[in-house]
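Protein chains: 2
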Amino acid sequence: MEERKATIYDIAREAGVSAATVTRVMNGSPNVRPATREKVQRVIDAHGYAPSTVARDLGSGSSKTIGIILPSLRNPYYAALVSAADDEARQRGYSLWLYQLPREGEIDSAVVENLISRRLSGAFFMGGFYDVDRPDLREMLSRIGKYMPIVAICPPRENLGFVCMFNDLNSAIRQAVRHLHLLGHQRIAMLGGAARLLDSGQRAVAFVDELRYLRLPEVPEFERVGGGSAADGEQDAYRMMTQLRPEERPTAVLCYNDLVALGAMKQFRQMGLRLPEDMAVIGCDNQFFCDYTAPPLTSIDMQAEEHARSAIRELLSTTVNHSAAIVRSSTLVVRESCGVKLGWRKL
Amino acid sequence: MEERKATIYDIAREAGVSAATVTRVMNGSPNVRPATREKVQRVIDAHGYAPSTVARDLGSGSSKTIGIILPSLRNPYYAALVSAADDEARQRGYSLWLYQLPREGEIDSAVVENLISRRLSGAFFMGGFYDVDRPDLREMLSRIGKYMPIVAICPPRENLGFVCMFNDLNSAIRQAVRHLHLLGHQRIAMLGGAARLLDSGQRAVAFVDELRYLRLPEVPEFERVGGGSAADGEQDAYRMMTQLRPEERPTAVLCYNDLVALGAMKQFRQMGLRLPEDMAVIGCDNQFFCDYTAPPLTSIDMQAEEHARSAIRELLSTTVNHSAAIVRSSTLVVRESCGVKLGWRKL
DNA sequence: TTGTACGCGTTATCAG
DNA sequence: CTGATAACGCGTACAA
């Protein structure tokens, strides 16, 4: 921690040339006499010289860094997205600058200015409907968008002003409902997220559409508005079940995400229900732990990591995509939490 | 994405003062006439002016950014650490620059130079014994250490050259073994990590020590060398069990971490074992999902996030701590994966 | 082929 | 109290 990093001038002086020549050698410019090149290169190697990113950024007016804005790395879903984004960016010589949204309180405008004043190459926002509708977040993105391109993985909204990537949950949700129906389920509930509200959008719509198509009962209590954490799932499952008489209760639940499913499964277990015999559960996101729950959790795969990589590519592509949205399909990954091995259930 | 950020000169010109005065106003220097201050402030507000972080960094020779080096954000354990570190750093006006170690292949030396040339305030490394013993990683840290302070959360090693924080697993491991013993377990195994090898250090030593103290059998097959992922846990559990005759098998396993425990539990379940009646399991790290496994997983809490916050504070403290190591205690969080509710098992 | 000069946006110093 | 100037380290025109 004592050494001072050699500057281009140190190298130039020691090699007996000008700074410009050092730059030429560094960049492999052809206009350098071989002898000179070798001489300079030797000094460069000797010092392990590397040009200052900071000075370069100041001159060039842009840093090869992408700002990444997300709710929290504590949610393994976002952590995996960031990881994939970092891989993709790194591969192209870019790196990531992190910003987690404050859980409570408003976004610090100083942070926004800081982010902008870093001359980032772009910003990548990811969040759920809960985040994308925060006024302070919208303002932040709107301000940032004036200075750099933005891409986002979030629920689609009008007038977002940047490219927004999301999944076509419609087909996956309907597929999930059909899956449950085929296994003999009649009373199917949705748990967590904003359910009926416009906010959670497609999920609720597709869910209800499919219920109607299959002529399955629509019970108000089957659509719980709730948060997206495991604790929320645990709590909301409890509320839904205790609010209904035994014969009114669902035999299957479609959860807002895998965390909610985790919580719901715990609750059902505590209530003495057998999984999947007494209650089928479907999650969403297909997170790593779906393979390890008991029983393994059937989940909707959103191809999240591919999404993230694609977002980085989009951000770095010169041809800025002006389309407001990019949609990816999602698929149902069937495991055992709905009882496929049990076959048809008794109706 | 069209606007150009106003510079200090834009502000100065418009306010009819010099750049120096703008700086004074920004920094709240007392040596400014109130009238001037107000005039300048008005222009600053009108433009939403904020000084360029890049230019400031170049001048000051240091950016308020901390480089964070970790195996992968896909491991929720590290993700949680990074999240906590970010919270702590952000609170002090610092931000995080991310670097995930390549899973395969060597560390790109260009990345190291890049990291150094960013004039970071410090570097924060976190990793397991598998990482800390990589030659390329050691070289990287050694090089980085010449230019900035480093703190690490990793297994202790000789001559690391920087502050290394880790947990005193000794007491926790022994406590875990005693916990199992009190519940009537005689045949206790360790699963994953480097077990007997010096590398995994304290865990294995403490484990064996306690076995001897309690006069419990030491079976070679009870100490599986293995990886740290859920898939590793699944595989290693299988190998250990099939390698032994039924009466030789353990009735309890102490896992390298919670992911390994997750995999092992799945394997045991597939083998038809009941948890915890036929097999007790203990994990390590006390991750968020421990509450949601079936049964909830008893785990050793390393206070990982507090560790991370403390690491950031250490890094930012002026008084560089020259001690080679900082040890924290760890505690056993008892849930139900060892059958506390069952009481004593039949011997 | 090589060197000189300037701009990038700030802050600190020093002079007024 | 305020302004001019230098320095931070680099790349890039332009001149030689």
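In order, the protein sequence lines correspond to chains A and B.
At position 170 of the first sequence (counting the first as 1) the number is 170 in the working numbering, and the numbers step up by one without a gap.
Basically the working numbering = 1-based index in the second sequence + 1000.
Just so you know, even glycine gets a beta-carbon here, dropped at the ideal spot from N, CA and C.
Remember, predicted model here, so these are calculated numbers, not experimental data.
Could you give the DSSP three-state label for residue i: helix, strand or coil?
| i | result |
| --- | --- |
| Cys1338 (chain B) | coil |
| Gln91 (chain A) | helix |
| Ser1299 (chain B) | strand |
| Met1026 (chain B) | helix |
| Cys154 (chain A) | coil |
| Gly1233 (chain B) | helix |
| Arg1004 (chain B) | coil |
| Ile1107 (chain B) | coil |
| Gly1059 (chain B) | helix |
| Ala1084 (chain B) | helix |
| Gly1226 (chain B) | strand |
| Ala325 (chain A) | strand |
| Gln1175 (chain B) | helix |
| Glu1113 (chain B) | helix |
| Glu1218 (chain B) | coil |
| Met1241 (chain B) | helix |
| Gly1184 (chain B) | coil |
| Gly1272 (chain B) | coil |
| Asp199 (chain A) | With a pLDDT of 47 at Asp199 (chain A), under the threshold of 50, the predicted position of this residue should be treated as unreliable, and no value is reported. |
| Lys1064 (chain B) | coil |
| Pro51 (chain A) | coil |
Where do the N-terminal and C-terminal ends of the alpha helix (DSSP H) with residue i fall, by residue?
| i | result |
| --- | --- |
| Asp1045 (chain B) | Pro1034 to His1047 |
| Val17 (chain A) | Val17 (chain A) -> no alpha helix (DSSP H), and no H or E assigned at all. |
| Val1132 (chain B) | Phe1129 to Val1132 |
| Met1140 (chain B) | Pro1135 to Ile1144 |
Sort out for me which residues DSSP pairs residue i with in a bridge.
| i | result |
| --- | --- |
| Tyr99 (chain A) | A:Ile69 |
| Thr331 (chain A) | A:Asp301 |
| Cys255 (chain A) | A:Leu191 |
| Val281 (chain A) | A:Val253 |
Count the other C-beta atoms from every protein chain shown that fall within 10 angstroms of the C-beta of residue i, then say buried if there are 16 or more, exposed otherwise.
| i | result |
| --- | --- |
| Asp1057 (chain B) | buried |
| Leu1197 (chain B) | Only weak support exists for where Leu1197 (chain B) lies, its pLDDT of 49 falling under 50; the value from the coordinates is given anyway. It counts as exposed. |
| Gly1093 (chain B) | exposed |
| Arg42 (chain A) | exposed |
| Val1119 (chain B) | Just to set this straight, residue 1119 (chain B) is Arg in the shown sequence, not Val. When all chains shown are included, Arg1119 (chain B) counts as buried. |
| Asn286 (chain A) | buried |
| Glu1247 (chain B) | exposed |
| Thr960 (chain B) | With chain B covering only 1001 through 1347, there is no way to say anything about residue 960 (chain B). |
| Leu182 (chain A) | exposed |
| Asn1114 (chain B) | buried |
| Tyr1213 (chain B) | exposed |
| Ser63 (chain A) | buried |
| Arg1245 (chain B) | exposed |
Measuring only the C-alpha atoms, how far is residue i from residue j?
| i | j | result |
| --- | --- | --- |
| Ile153 (chain A) | Glu306 (chain A) | 11 Å |
| Pro51 (chain A) | Ser1117 (chain B) | 7 Å |
| Gln235 (chain A) | Gln267 (chain A) | 8 Å |
| Leu70 (chain A) | Pro102 (chain A) | 10 Å |
| Gln270 (chain A) | Ala264 (chain A) | 10 Å |
| Asn175 (chain A) | Leu1137 (chain B) | Sequence inspection shows Gln at residue 175 (chain A); the Asn mentioned does not correspond to that position. In a straight line, the C-alpha of Gln175 (chain A) is about 47 Å away from that of Leu1137 (chain B). |
| Ala1294 (chain B) | Asn170 (chain A) | 32 Å |
| Leu1275 (chain B) | Val1281 (chain B) | 8 Å |
| Ser1330 (chain B) | Tyr1077 (chain B) | 15 Å |
| Gly226 (chain A) | Glu1106 (chain B) | 45 Å |
| Asp131 (chain A) | Arg313 (chain A) | 23 Å |
| Gly1128 (chain B) | Gln243 (chain A) | 47 Å |
| Asp1232 (chain B) | Phe289 (chain A) | 14 Å |
| Ile1044 (chain B) | Val163 (chain A) | 31 Å |
| Asn1257 (chain B) | Val40 (chain A) | 51 Å |
| Gly145 (chain A) | Arg1033 (chain B) | 36 Å |
| Leu1180 (chain B) | Cys1338 (chain B) | 7 Å |
| Met1240 (chain B) | Asn1075 (chain B) | 25 Å |
| Arg1335 (chain B) | Ser1299 (chain B) | 8 Å |
| Asp87 (chain A) | Thr1065 (chain B) | 20 Å |
| Ala1252 (chain B) | Gly192 (chain A) | 37 Å |
| Ala1080 (chain B) | Ser72 (chain A) | 9 Å |
| Asp301 (chain A) | Leu332 (chain A) | 6 Å |
| Arg90 (chain A) | Val22 (chain A) | 26 Å |
Taking residue i as part of the beta strand (DSSP E), name the residues at either end of that continuous run.
| i | result |
| --- | --- |
| Ala1123 (chain B) | Gly1122 to Met1126 |
| Met1165 (chain B) | Val1163 to Asp1168 |
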